[in-house]
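Protein sequence lines, in the order shown, are assigned to chains A and B. Just so you know, the first sequence maps onto residues 786 to 1038 in the working numbering. Just so you know, the second sequence maps onto residues 786 to 1038 in the working numbering. Ideal Cβ positions, reconstructed from N, Cα and C, are used throughout, including at glycine.
Protein chains: 2
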Amino acid sequence: MGMSAIVDLEQRKSSCLWCGARQNCIAASLEAADGALLEPVKRPSRVVRRGQHLFLAGDQLPALYVIRSGSVKTYAITEDGEEQIIGFHLPGDTIGFDALATGEARSNAAALETSSICTLPLEGLWQVAERSVTLRRELIKGMSREVLRLTGMLQNERRTADQRLAAFLLDHADNMGRRGYSTEVFNLSMSRRDIGKYLDMATETVSRVLTRFQGLGLLATNRNEIRLLDAGGLKHLVTEGGIADSSRAVIHH
Amino acid sequence: MGMSAIVDLEQRKSSCLWCGARQNCIAASLEAADGALLEPVKRPSRVVRRGQHLFLAGDQLPALYVIRSGSVKTYAITEDGEEQIIGFHLPGDTIGFDALATGEARSNAAALETSSICTLPLEGLWQVAERSVTLRRELIKGMSREVLRLTGMLQNERRTADQRLAAFLLDHADNMGRRGYSTEVFNLSMSRRDIGKYLDMATETVSRVLTRFQGLGLLATNRNEIRLLDAGGLKHLVTEGGIADSSRAVIHH
DNA sequence: GCTCGAGCTTGATATGCGTCAATGTCCGCC
DNA sequence: GGCGGACATTGACGCATATCAAGCTCGAGC
């Protein structure tokens, strides 16, 4: 009994069946379809701590990576040495797609908090893809989703700082919701600086906008904890470009 | 003889072998590998005129599309009704990747000039992908390249208007060069307004920056014709963020 | 050849947000 | 428990670029 309990624990660590992120994971789909196919793909997950890198731009990437728990940022360094955050990734997300064309990563990936990361070796992946329609579809879908995500990010360009931050918070809430967490109260694992580098605004602006949102009763902050008080108001701000504030209903003569 | 000449012409219209864009095209790779595999994918190309649409956001896309000649813009309409141009596409480019995840297009595609467009029906594509490693690789590569392209576009966010426009022109020159055209003199098939919607700046700013570049001797414009006079200067401007202008070499006391 | 309109250029003004600077707050470490 | 350093907030100011407004250019069509 004691032995088998230990084995169970070890299995849980590497088994997709027990993974909290399984419903979003590319590889987990294989376990349902044909467990044997998963073998060449599966590896024990590894743990990375806040600030540690999964890979750097220029690395030959031997694998795709799936977040099992925690969160990760991917970013590029622009010609002038600035950090440009490309995405924040949550459990179930796959990263490394940009390396598939050339084999070389063009972005960096760093953990935002202690995180557990699964490795999908490309060699095994191609092997299994030969035989599994399911995996081929999942790969294509994963990349297509990434294209959609990036396309969505481009739309931020036309927005004001208020709209960007509101959209970011709503998007994050939505992501939390789809993973079974509260959409109203959540912790941001990234710093104000990171949010700025992601939304292309100065850290100070992130701070000021959050303060303004608080004053308007749209949300409450406590360090990294965010409590959305008026998601409708935030949504209105994103689409209409202004605050749905009665104080603005002043009649001008 | 007369007959065979006509047949040749017809064949050229649909044959990938005679296509000017073949070296970049996803499907053309199949002709070299195994011509028979190409059959379920190949369709006669169709012609669209300036302003006509290939597809609209919301359409169920039954295919991927490859530009055979001409040029196409893809764009989204933001919540506030603004046009956001996602990409300008030249011969050999594939569009429609964003629809693979859900089957539904999220973007619109319109011809910038009279263009010839090839259709790759998804049904045939999946069929052939079952058997052809080459096609599978080309699909993955095509999508990975699209991810890279979009990631690159995100970097524009951190740049000034001057830098964006300079980078855009250099990128366009590069694209022309890789297709065998001059990298120094070329025609822009898109309007100033389109350039603005792509680079996220007002039409007026596009115009002003072009004028300034001309004054600095970096380029010459004539309607839609652009002549790059100092590509090095433009490059320097993108990376260093300023003009490599001797008049700035003034010593300040 | 003339007219009309779309697209382009140029100028004047307004403003959102970056930058610089100072202060505040919390957490880890000795 | 108190110190130090990273991160966050708040304020003052300037600049890049949007916006509004006017004139210009060129090609299509009669």
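- Task: Would you mind sorting ASN941 of chain B into buried or exposed? The rule is 16 or more other CB atoms within 10 Å of its CB.
- Result: Within the second sequence, the letter at position 156 stands for residue 941 of chain B. Answer is buried; the Cβ neighbour count reaches 16.
- Query: Are at least three pairs of beta-carbons, each pair with one atom in the segment 871 to 880 of chain B and one in the segment 851 to 863 of chain B, less than 8 Å apart?
  - Reply: yes
- Minimum Cβ-Cβ distance from PHE882 of chain A to chain B less than 8 Å: Within the first sequence, residue 882 of chain A is the residue found at index 97, counting from 1. Closer than 8 Å: yes.
- Query: With 8 Å set as the bound, which would you pick, yes or no: does the beta-carbon of LEU1019 of chain A sit closer than that to a beta-carbon of chain B?
  - Reply: For the purposes of this step, residue 1019 of chain A is taken as the residue at position 234 of the first sequence. It does not: the Cβ of LEU1019 of chain A has no partner Cβ on chain B nearer than 8 Å.
- By how many angstroms is the C-alpha of ILE862 of chain A removed from the C-alpha of LEU841 of chain A? Here residue 841 of chain A refers to the residue found at position 56 when the first sequence is read from its first residue. Here residue 862 of chain A refers to the residue found at position 77 when the first sequence is read from its first residue. Straight-line Cα distance between these residues: approximately 10 Å.
- Item | Classification of ASP865 of chain B by the beta-carbon crowding that lies within 10 angstroms, buried from 16 upward | The sequence position of residue 865 of chain B within the second sequence is 80, counting from 1. Exposed, since its Cβ has fewer than 16 Cβ neighbours within 10 Å.
- Task: Taking only the alpha-carbon atoms, compute the straight-line gap between ARG930 of chain B and LEU885 of chain A and give it to the nearest angstrom.
- Result: One-based indexing of the second sequence puts residue 930 of chain B at position 145. One-based indexing of the first sequence puts residue 885 of chain A at position 100. Looking at the two C-alpha atoms, the distance is approximately 8 Å.
- Message: Quick check: what's the CA-CA separation for ASN1009 of chain B versus ARG944 of chain A?
- Response: On the second sequence, position 224 is the one that residue 1009 of chain B refers to. On the first sequence, position 159 is the one that residue 944 of chain A refers to. C-alpha separation (whole angstroms): 29 Å.
- Best match in B:GLY962, B:ARG978, B:ARG977 and B:ASP979 for proximity to PHE971 of chain B [C-alpha to C-alpha]: Translated into positions along the second sequence, residue 971 of chain B becomes position 186. Closest by alpha carbon: B:GLY962.
- Query: Which residue spans inside the segment 946 to 1005 of chain A form an unbroken alpha helix (DSSP H) run of at least 4?
  - Reply: 946 to 963, 977 to 984 and 988 to 1000
- Message: At the 8 Å Cβ level, is ARG963 of chain B part of the contact set with chain A, yes or no?
- Response: Residue mapping note: residue 963 of chain B aligns to position 178 of the second sequence, counting from 1. Answer no: the Cβ-Cβ gap between ARG963 of chain B and chain A never drops below 8 Å.
- LEU802 of chain B, DSSP secondary structure in three states: By one-based count along the second sequence, residue 802 of chain B stands at place 17. Here LEU802 of chain B sits in coil by DSSP.
- Message: In the DSSP output, which residue or residues are listed as bridge partners for GLU889 of chain B?
- Response: Counting from 1 along the second sequence, the entry for residue 889 of chain B is found at position 104. The partner list for GLU889 of chain B (beta bridge, DSSP) reads B:GLN845.
- Message: In the DSSP assignment, the alpha helix (DSSP H) including ILE767 of chain A goes from what residue to what residue?
- Response: No statement about residue 767 of chain A is possible, as the shown extent of chain A runs from 786 to 1038 and does not include it.
- For ARG934 of chain B, the nearest candidate out of B:VAL913, B:ILE871 and B:GLY965 (CA to CA): Along the second sequence, read from residue 1 onward, the residue named residue 934 of chain B stands at position 149. Of the candidates B:VAL913, B:ILE871 and B:GLY965, the one whose C-alpha sits nearest the C-alpha of ARG934 of chain B is B:ILE871.
- Tell me which same chain residues have a C-beta within less than 7 Å of the C-beta of SER856 of chain B, skipping the five on either side of it? As a working mapping, residue 856 of chain B is identified with position 71 in the second sequence. Closer than 7 Å at Cβ, skipping near neighbours: PHE873, HIS874, LEU875, LEU897, GLU898, SER900 and SER974.
- Which stretch, first to last residue, makes up the beta strand (DSSP E) that contains SER900 of chain A? Against the first sequence, residue 900 of chain A aligns to sequence position 115. First-last of the beta strand (DSSP E) with SER900 of chain A: 900 to 906.
- Within the 8 Å Cβ cut-off, does GLN808 of chain B reach chain A? Translated into the one-based positions of the second sequence, residue 808 of chain B becomes position 23. It does not: the Cβ of GLN808 of chain B has no partner Cβ on chain A nearer than 8 Å.
- Query: In this structure, does DSSP put ARG1012 of chain A in helix, strand or coil?
  - Reply: For this step, residue 1012 of chain A is matched to residue 227 along the first sequence. It is a strand residue.
- Query: Relative to the C-alpha of MET986 of chain A, which residue among A:GLU867, A:GLY805 and A:VAL832 is closest?
  - Reply: If you number the first sequence from 1, residue 986 of chain A lands on position 201. Selected option, being the one with the closest Cα: A:GLU867.
- Given a threshold of 16 other Cβ atoms within 10 Å of its Cβ, counted over all protein chains shown, does ARG949 of chain A qualify as buried or as exposed? The residue labelled residue 949 of chain A in the question sits at position 164 within the first sequence. With 16 or more other Cβ atoms within 10 Å, it is buried.
- Residues of its chain near ILE980 of chain B, where Cβ-Cβ distance is below 6 Å and the 5 sequence neighbours each way are ignored: Numbered from its first residue, the second sequence carries residue 980 of chain B at position 195. Excluding positions up to five away in sequence, the list reads VAL991.
- Query: Do the segment 810 to 818 of chain A and the segment 828 to 847 of chain A touch if we need at least three Cβ pairs shorter than 8 Å?
  - Reply: no
- Task: May I have the straight-line CA-CA distance separating ILE902 of chain A from VAL918 of chain A, to the nearest angstrom?
- Result: By 1-based counting over the first sequence, the position of residue 902 of chain A is 117. By 1-based counting over the first sequence, the position of residue 918 of chain A is 133. C-alpha separation (whole angstroms): 25 Å.
- Given that ASP985 of chain A touches chain B, what residues does it touch there, using C-beta distances under 7 Å? Counted from its first residue, the first sequence places residue 985 of chain A at position 200. The contacting residues are GLU942 and ARG943.
- Message: Output needed for ALA952 of chain B: all residues of its chain with C-beta closer than 6 Å, excluding positions within five of it in sequence on either side, in chain order.
- Response: Within the second sequence, numbered from 1, the residue matching residue 952 of chain B stands at position 167. Excluding sequence neighbours, ALA952 of chain B sits near VAL1023.
- Message: Counting only Cβ pairs nearer than 9 Å, list the residues of chain B close to LYS858 of chain A.
- Response: Position 73 of the first sequence, counting from 1, holds the residue named residue 858 of chain A. Those do not exist, as LYS858 of chain A stays about 13 Å from chain B at its closest Cβ, beyond 9 Å.
- For ARG807 of chain A, I'd like the list of residues in its chain whose CB is within less than 6 Å of its CB, leaving aside the five on either flank, ordered along the chain. The residue you call residue 807 of chain A lines up with position 22 of the first sequence. Counting only Cβ-Cβ distances below 6 Å, and skipping sequence neighbours, we find CYS801 and ALA813.
- When the Cα of PRO825 of chain B is compared with those of B:ARG835, B:LEU1003 and B:GLY909, which residue comes out closest? As a position in the second sequence, residue 825 of chain B is number 40, starting the count at 1. When each option's Cα is compared against that of PRO825 of chain B, the closest is B:GLY909.
- Message: Output needed for ARG891 of chain A: all residues of its chain with C-beta closer than 6 Å, excluding positions within five of it in sequence on either side, in chain order.
- Response: Numbered from 1 along the first sequence, position 106 holds the residue referred to as residue 891 of chain A. If we look at ARG891 of chain A and ignore the five residues flanking it on each side, its Cβ neighbours are ALA842 and ASP883.
- Query: Under 8 Å between C-beta atoms, does MET827 of chain A make it to chain B?
  - Reply: In the first sequence, residue 827 of chain A corresponds to position 42, counting from 1. One detail in the question is off: residue 827 of chain A reads as Lys in this sequence, not Met. Cβ-Cβ to chain B under 8 Å: no for LYS827 of chain A.
- Beta-bridge pairing of GLU868 of chain B - partner residues as DSSP gives them: Taking the first residue of the second sequence as 1, we reach residue 868 of chain B at position 83. Looking at the DSSP assignment, GLU868 of chain B forms a beta bridge with B:ILE862.
- Would you mind reading off the limits of the alpha helix (DSSP H) that contains LEU822 of chain A? In the first sequence, counting from the first residue as 1, residue 822 of chain A sits at position 37. Element bounds for LEU822 of chain A: 813 to 823.
- So, are the CB atoms of LEU1014 of chain A and LEU954 of chain A less than 8 Å apart? Position 229 of the first sequence, counting from 1, holds the residue named residue 1014 of chain A. Position 169 of the first sequence, counting from 1, holds the residue named residue 954 of chain A. It is not a contact, given that the beta carbons lie outside the stated cut-off.
- Item | Cβ pair LEU920 of chain A, ALA914 of chain A closer than 8 Å | The residue you call residue 920 of chain A lines up with position 135 of the first sequence. The residue you call residue 914 of chain A lines up with position 129 of the first sequence. Their beta carbons are under 8 Å apart, which means LEU920 of chain A touches ALA914 of chain A by this criterion.
- Query: Does DSSP classify VAL913 of chain A as helix, strand or coil?
  - Reply: Locating residue 913 of chain A in the first sequence gives position 128, where the first residue counts as 1. DSSP places VAL913 of chain A in helix when its eight states are reduced to three.
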